[in-house]
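Engineer:
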């Protein structure tokens, strides 16, 4: 099988070379996104693999089809950058990647700790040799009630980690799981909003749950609630979050993802003027911790995503089935 790999990062190269040798794959690769200008690179390829900055719309999917490509993988868990409905309509088969839940789960808990212990203003002070303590009184994670929305692999791992801190744990999911019940009590969404000191999101992005956290949801929460998001930026209505921070209804935010982050995160933009004004405005607050969509970014997860991205194509091509087919 011949595969064109787009958006290849330096940290993916060793694993990709290992897979090339292991499976005897014919590979072509580039660090550029898949677009109309780079489409010709996949001529003669049966499959292509991309990351999240390649926007595969109808026009590009048709171009891939005309080039003879039948299989597409994204080396990411999310796949909202691909028009999957149209891809299926024209006969393309697509799959996404996966990785162990531990890295993202640990990062979510880290964001809880950073917000509870006022890490951001403490670091600001240290940068100017201000080592005073006033205003930095923190809270202990074990004394908090934490609500976990979504108890798939990552949400359940978050529950497992938090159980070691002694937190009171509440969970909400469309279906209760036995593993989730080991650590938390399943409650209604309204009850979770009402009782939680910290709320963390671990659900996939769909059209149905876009802006899952909105004004109505925030109104039901405790004053001073801490919100954590390591899932997808579009799960939260940024205008509602900003209003919540300004009014102090929201006590703190820990955001690894942000609405309309595309084109900003995972790129060096230090000499540019950012057009996402919501991002620029919200990040100035001392109780808002923002990171650049990096909760997933561990050695184990990178290797896993490359492996799933390549082996998913091979499985669809050779076996006709793939565990991660979209």
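Numbering (my numbering), first residue to last: 1 to 326.
Here a beta-carbon is modelled for each residue, glycine too, at the ideal position from N, C-alpha and C.
Mind checking which residues open and close the alpha helix (DSSP H) that includes residue 301?
Structural biologist: The residue labelled residue 301 in the question sits at position 301 within the chain shown. Where residue 301 is concerned, the enclosing alpha helix (DSSP H) stretches over 299-314.
Engineer: Rounded to the nearest angstrom, what separates residue 304 and residue 242 at their Cα positions?
Structural biologist: The sequence position of residue 304 within the chain shown is 304, counting from 1. The sequence position of residue 242 within the chain shown is 242, counting from 1. The straight-line gap from Cα to Cα measures roughly 35 angstroms.
Engineer: Find out if the Cβ-Cβ distance for the pair residue 81, residue 47 is shorter than 7 angstroms.
Structural biologist: For the purposes of this step, residue 81 is identified with residue 81 of the chain shown, where counting begins at 1. For the purposes of this step, residue 47 is identified with residue 47 of the chain shown, where counting begins at 1. No. Outside cutoff.
Engineer: Between the alpha carbons of residue 111 and residue 228, how many angstroms are there, rounded?
Structural biologist: Position 111 of the chain shown, counting from 1, holds the residue named residue 111. Position 228 of the chain shown, counting from 1, holds the residue named residue 228. If I take the Cα positions, the gap works out to 7 angstroms.
Engineer: Measure the C-alpha to C-alpha separation of residue 244 and residue 310 and round it to an integer number of angstroms.
Structural biologist: Along the chain shown, read from residue 1 onward, the residue named residue 244 stands at position 244. Along the chain shown, read from residue 1 onward, the residue named residue 310 stands at position 310. Roughly 43 angstroms separates the two Cα atoms.
Engineer: Is the CB-CB distance between residue 161 and residue 252 below 7 angstroms?
Structural biologist: Counting from 1 along the chain shown, the entry for residue 161 is found at position 161. Counting from 1 along the chain shown, the entry for residue 252 is found at position 252. Result no, Cβ atoms of residue 161 and residue 252 do not sit closer than 7 angstroms.
Engineer: I need the straight-line Cα distance from residue 263 to residue 188, nearest angstrom please.
Structural biologist: Taking the chain shown and counting its residues from 1, one reaches residue 263 at position 263. Taking the chain shown and counting its residues from 1, one reaches residue 188 at position 188. Answer to the nearest angstrom: the Cα atoms are 37 angstroms apart.
Engineer: Tell whether a beta-carbon distance below 7 angstroms holds between residue 301 and residue 68.
Structural biologist: Translated into the one-based positions of the chain shown, residue 301 becomes position 301. Translated into the one-based positions of the chain shown, residue 68 becomes position 68. Going by C-beta atoms, residue 301 is not nearer than 7 angstroms to residue 68.
Engineer: Mind the definition here: the stretch 158-174 touches the stretch 194-212 only if three or more C-beta pairs lie below 8 angstroms; say whether that holds.
Structural biologist: Yes, the stretch 158-174 touches the stretch 194-212.
Engineer: Work out the CA separation of residue 165 and residue 186 for me, nearest whole Å.
Structural biologist: Taking the chain shown and counting its residues from 1, the one referred to as residue 186 is at position 186. Taking the chain shown and counting its residues from 1, the one referred to as residue 165 is at position 165. Between residue 186 and residue 165, the C-alpha separation is close to 19 angstroms.
Engineer: From residue 1 to residue 23, what distance separates their C-alpha atoms?
Structural biologist: Taking the chain shown and counting its residues from 1, the one referred to as residue 1 is at position 1. Taking the chain shown and counting its residues from 1, the one referred to as residue 23 is at position 23. If I take the Cα positions, the gap works out to 9 angstroms.
Engineer: Runs of 3 residues minimum, wholly inside the stretch 144-179: which ones carry the beta strand (DSSP E) assignment?
Structural biologist: Qualifying beta strand (DSSP E) stretches, in chain order: 145-149, 168-172.
Engineer: Cα separation between residue 132 and residue 296?
Structural biologist: One-based indexing of the chain shown puts residue 132 at position 132. One-based indexing of the chain shown puts residue 296 at position 296. Approximately 34 angstroms, taken between the alpha carbons.
Engineer: Compute the Euclidean distance between the alpha carbons of residue 15 and residue 77, then round it to the nearest angstrom.
Structural biologist: The sequence position of residue 15 within the chain shown is 15, counting from 1. The sequence position of residue 77 within the chain shown is 77, counting from 1. For residue 15 and residue 77, the distance between alpha carbons rounds to 18 angstroms.
Engineer: Which one of 3, 32, 17 has the shortest CA to CA distance from residue 267?
Structural biologist: Reading the chain shown from its first residue, position 267 is the one you call residue 267. Comparing Cα positions, the closest option is 32.
Engineer: For the stretch 269-283 against the stretch 310-323, are there 3 or more C-beta pairs whose distance is under 8 angstroms?
Structural biologist: Output reads no: the stretch 310-323 does not touch the stretch 269-283.
Engineer: Buried or exposed for residue 284, going by 16 or more other Cβ atoms inside 10 Å?
Structural biologist: Counting from one through the chain shown, the residue named residue 284 turns up at place 284. Answer is exposed; the Cβ neighbour count stays below 16.
Engineer: When you compare each of 177, 10, 226 to residue 151 by their alpha carbons, which one comes out closest?
Structural biologist: Within the chain shown, numbered from 1, the residue matching residue 151 stands at position 151. The residue with the shortest Cα to Cα distance from residue 151 is 177.
Engineer: By alpha-carbon positions, which one of 60, 94, 83 ends up nearest to residue 75?
Structural biologist: Translated into positions along the chain shown, residue 75 becomes position 75. Nearest option by C-alpha distance: 94.
Engineer: Taking the DSSP output, what are the residues bridged to residue 95?
Structural biologist: Translated into positions along the chain shown, residue 95 becomes position 95. Partner(s): 73, 325.
Engineer: Residues bridged to residue 48 by DSSP?
Structural biologist: Indexing the chain shown from 1 puts residue 48 at position 48. Looking at the DSSP assignment, residue 48 forms a beta bridge with 4, 72.
Engineer: Pull up the DSSP beta-bridge partners for residue 242, would you.
Structural biologist: As a first step, residue 242 must be located in the chain shown, where it is residue number 242. Partner(s): none; residue 242 has no beta bridge.
Engineer: Under 7 angstroms between the Cβ atoms of residue 192 and residue 212?
Structural biologist: As a first step, residue 192 must be located in the chain shown, where it is residue number 192. As a first step, residue 212 must be located in the chain shown, where it is residue number 212. No, the pair does not count as a contact, with Cβ atoms beyond the cut-off.
Engineer: Given this structure, state the Cα-to-Cα distance separating residue 5 from residue 147, to the nearest angstrom.
Structural biologist: In the chain shown, the residue the question calls residue 5 occupies position 5. In the chain shown, the residue the question calls residue 147 occupies position 147. Cα to Cα, the separation comes out at about 39 angstroms.
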